[in-house]
Each structure stands twice: as structure tokens, then as C-alpha cells.
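Residue numbers (the UniProt record's numbering), protein chains in the order written: chain H, 1 to 236; chain E, 1 to 236. Positions of the beta carbon are idealized from the N, C-alpha and C atoms, including for glycine. Written below as C-alpha cells is the structure these notes are about.
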DNA sequence: TTCTCAAAAATGATATCACATAAAGCAGAA
DNA sequence: TTCTGCTTTATGTGATATCATTTTTGAGAA
């Protein structure tokens, strides 16, 4: 019924925090598919907890727009349509370019080294076909950059966008293996070393476009038969 | 102890939704100040409810970054510092310009008329000194524009930013009365009529800068004695 | 077989309770 | 007076119980 990847539970974590973190991680890596029927009590039983902390975690996730709590006792992952994907991608580009630009003055050589280390680790995960770890490392790569700015407030928003793209992650990562794209992360690192804001923005946009963008559109085209008859009417 | 403006409770609203909406509105218009000590049980007693729906509403608000649930049984409105205000303002500009640009192709004459009507109403509220209604109408003015795009996904993010600027609203509105600024909304409407994306972005940035930006910085300078000795070290 | 509808089961929302722990109050010492 | 440490109070968390609704199921009719 469910298959939520386990996570480490810090002793100081409340139950509600644990449920939230575990569900969030599961959605982020694409382990929860839109088809799966979620219920508060079902999740509580699966996790061997009472419904209370589960409901609170679900509410938080709906505020982060990772899930939707429909009024009629249905909990769902928002359905993705072509125009919605387009909007989310554009928003992600705007947000991450903004975050990168605001972080640039705080970027140090040490930080660039950390990012390169994460990027190297990603190559290992590609070799070992560890798709979830690859997703997490990819996020980590971006997060390290954006949090260089100590006053930064945009990261939670960006993570909310990542959550909304969660259901695409696994397909995206799989598509990445096929194409074996030019490594946009290397371009990001180069732009950082040269403190080139314009190049940085271009590299980030390309990274998003080549990753989620291309793969996401292919998934949508392949998986939605009705979009073949009315390709542009997904939102009606 | 509390003074949360009352709101209309739709019969279909759950208690948790009602609490969330009422608190959210109160924070948005600046009725909840950072000094106020909030507790789950205190709020529940004030609203004559059980703690459960109150806790859920507070959790959602913390996910929207309207409040912070500190581990040590303290709930607070995040303290504003000069660099944090700067970051939030820049983020708001980026987000609202993005939203406006994405909405522009969907803007119709009818929509512009609706926006102008809202702007006219704001002038009335300035006359009648109804500051909260002025804030709400100001948000409404922007919201109508951004939701012109039917696929729009950015509005919840923008509202989260508005929430974070909530504690400044009342001072800001008061400052607006003093300066009686050039009406940036008129510039926005002109840019919309001419379908001029660049002018629209400039008008929105100016609107934010002249409104929250100027007033917010003044409030911070006036109200924070320690920032006089170390003007740029607010975040350390 | 398929449809209809009533009974049964499941579910979400909320209140209440018990428990652990943090905050507040307060008495006595310095 | 001010600080220290203990007691009391208040608070957050999570489990459980109850109630109103929704969903599901299945028997009988078409």
C-alpha cells in the first residue's frame, strides 16, 4: 500500500515532525505517486501511530503544496498538467536565479569546493544507479549555494517547488541516464568561480530545463492519452 | 491579551480552517505584534475551542512562515532585521514581477476595470482611515492581477511573503498617509493597458519600494536602538 | 449482467485525557 | 537587594473516544 523510505529519527524529534519529514522525503524523491490513495488513518496504521500527529503532518504538507487535502476525505498529490508544469518550471527558474544572484556575494572557494564534492558524489550515484540519493544530492548541491547568503529567505519556497516536482523525480533521473546530458553543474561551478552573475543564471536555467524540464514534458506526453487529442487543453 | 479581528465563518468551514483564516488575517493586517506571547491553550481559550484545531492552524501558519513554533513552548512572530527586510523585499519584487509577467498575456479590459475599481476603493479607505481594509484591498489589487493567469502557481508564495511583512503593515499604511506618494497603482494600470511588460515590472517594483520598502526601513531605524551602534550587524 | 439504494464500514474533525517537560513563582541564602 | 534552587503551575504532545459524513458494499430489482 505504502512504501515510504525510512529516515533517521532524531531523539528530539516530535512524532509529528518525524511523520512530516518522512512523508516529505518520500514525496521529494518521487516515492509517492499521484495514484496512491492516502488516508490519515491508513498512514497512522502503517506508521503505527495515532492519527493526530499524522494529520498535523499532512496539513503542513498541504500548506507546502506537496499534497492536497480535498474536502471529501481524499488526499492526493496534485495532478500535473502540461501548463502547470510549465508554470512551475518558470517559477523554479525565477526563484533559483534570484537565490543564486543573492548568494553570489557570499560565495567562497570553500563553498565551491563543497559544491564540487557534492557533484562528484552525484557521479558515483549515477554509476550505482541510486536514483533517490541522486535526487537528494542534486537538491543539496543547489541548497548549499543558496544558503551561502546568511539572510536568505527564499529556500523554503524553492523546496516547496521541488516538492511539487517530486512525482517527476524518478522519471527525470531515469531520463537523465539515457541522455547523459552535458553536466550543467560544471557550468554553475565555473560561473561561481568567475563571479559571473549572468552566466550563473544561464547555467541554472539550463540545468533546470535539461533536467526536469525535458524529462517532465516527455513524461506528460507519454502518460496522458487525452492530451494527444487536445494537446493544449490540459487545464480546462 | 489578544485582539484578533473577527472574520466571517462560512458554515462549511472546519474549526481548524476558521482559526487558520482568522489568525492569518490578523497577522496579515499587522494585528499580531512580535511582542505578543501566543500559546496554543491561550488561543484556544480565547476562541473558546479545544487546543487541537488551534494547534493545527498554528502549524500551518508556521509552514507559511507567518509564525515560528520555537521548541521551547514559545510561539513568535519572526523578528525583523534590516538585512532580513531587504531580502524579503527583493524576494517580493522578484516574485511579483514574475507573476505579473506570466499574467500579462491573460489580462483583459474587464480585469483592468476590476483593478481600477479596487484602487478607487482604496482611496475611500484612505479618507476613512480604515487601515486594515486598505491593506486587504491593496493585496486584492495585486492578487486579481496575478490570478489572471489560470495556471498560476506563485500566488501562495507571494501571500506567504505578505504574511511575513504583516507586522509592518500598520506602520507602513500610516507612513503612506504622511507621504501621500505618487500612486504607483495608476502606473501599473497604465502598463497593463499598454501591455508593456517592462513598464509593468518597474511599476510593481516601485510600488513595493515606495510602500513597504521605505516605511519598513524607517520603522526598523526608529525602533531598534542597537542598530544605531552597529547598523549593519543585525543578523549576527 | 447492470443498476439502485439502504446498511455497514471507514474516515475526518474535534474534544478530552494523561504524561512529560518547560516556565514561573517563591522561599531562603548570600 | 540579588541570586539560587526547589515547588507549583502551565504548556505541548500524542492517544483515545465520539460524532457526523462519506465511502463502500452487497442484496435485490430491472
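Residue from the options whose Cα sits closest to the Cα of residue i
i                      : options                      : result
residue 189 of chain H : H:95, H:62, H:80 and H:109   : H:109
residue 161 of chain H : E:163, E:165, E:156 and E:23 : E:156
residue 79 of chain H  : H:97, H:33, H:100 and H:42   : H:33
residue 66 of chain E  : E:149, E:136, E:25 and E:2   : E:25
residue 36 of chain E  : E:7, E:50 and E:3            : E:3
residue 57 of chain H  : H:128, H:74 and H:22         : H:22
residue 150 of chain H : H:214, H:102 and H:31        : H:102
residue 183 of chain E : E:194, E:138 and E:166       : E:138
residue 214 of chain E : E:195, E:113, E:5 and E:178  : E:178
residue 194 of chain E : E:146, E:130 and E:112       : E:112
residue 165 of chain H : H:31, H:5 and H:13           : H:31
residue 13 of chain E  : H:71, H:129 and H:146        : H:71
Spatial distance of residue i from residue j (CA atoms)
i                      : j                      : result
residue 123 of chain H : residue 134 of chain H : 8 Å
residue 10 of chain H  : residue 29 of chain H  : 21 Å
residue 232 of chain E : residue 82 of chain E  : Here residue 232 of chain E scores only 33 on pLDDT, less than 50, and its place in the model is too uncertain to base an answer on.
residue 141 of chain H : residue 43 of chain H  : 31 Å
residue 88 of chain H  : residue 125 of chain H : 26 Å
residue 45 of chain H  : residue 176 of chain H : 36 Å
residue 119 of chain E : residue 186 of chain E : 8 Å
residue 219 of chain E : residue 49 of chain H  : 47 Å
residue 116 of chain E : residue 115 of chain H : 48 Å
residue 227 of chain H : residue 221 of chain H : Note that residue 227 of chain H has pLDDT 33, beneath the 50 cutoff, so the model's placement of it is unreliable and the number below is only indicative. Cα to Cα, residue 227 of chain H sits roughly 7 Å from residue 221 of chain H.
residue 100 of chain H : residue 158 of chain E : 19 Å
residue 60 of chain H  : residue 148 of chain H : 26 Å
residue 73 of chain H  : residue 73 of chain E  : 32 Å
residue 152 of chain H : residue 196 of chain H : 20 Å
residue 132 of chain E : residue 51 of chain H  : 38 Å
residue 146 of chain H : residue 130 of chain H : 25 Å
Same chain, Cβ closer than 6 Å to residue i, neighbours up to 5 away in sequence not counted
i                      : result
residue 76 of chain H  : 68
residue 55 of chain E  : 40
residue 53 of chain H  : 15, 16 and 19
residue 235 of chain E : Residue confidence is low: residue 235 of chain E scores 26 on pLDDT, short of 50, so the model does not pin down where it sits. Its coordinate-derived value is still stated next. Excluding positions up to five away in sequence, the list reads 81 and 83.
residue 121 of chain E : 137
residue 295 of chain H : Residue coverage of chain H in this structure runs from 1 to 236, which leaves residue 295 of chain H outside it and unanswerable.
Nonlocal neighbours in the same chain, by C-beta distance under 7 Å from residue i, ignoring five residues either side
i                      : result
residue 191 of chain H : 199, 200 and 203
residue 62 of chain E  : 68 and 69
residue 64 of chain H  : 160 and 163
Cβ pair residue i, residue j closer than 8 Å
i                      : j                      : result
residue 144 of chain E : residue 98 of chain E  : no
residue 47 of chain H  : residue 216 of chain H : no
residue 136 of chain H : residue 168 of chain H : no
residue 7 of chain H   : residue 163 of chain H : no
Own chain, CB closer than 8 Å to residue i, minus 5 neighbours either side, in chain order
i                      : result
residue 127 of chain H : none
Note to self: Taking contact to mean 3 or more Cβ pairs, one atom from each stretch, closer than 8 Å, check whether the stretch 93-108 of chain E and the stretch 171-180 of chain H are in contact.
What the structure shows: With fewer than three CB-CB distances shorter than 8 Å, the stretch 93-108 of chain E does not count as touching the stretch 171-180 of chain H.
Next item on the list: For the stretch 194-211 of chain E and the stretch 90-97 of chain E, state whether three or more C-beta atom pairs, one from each stretch, are separated by less than 8 Å.
Entry: yes
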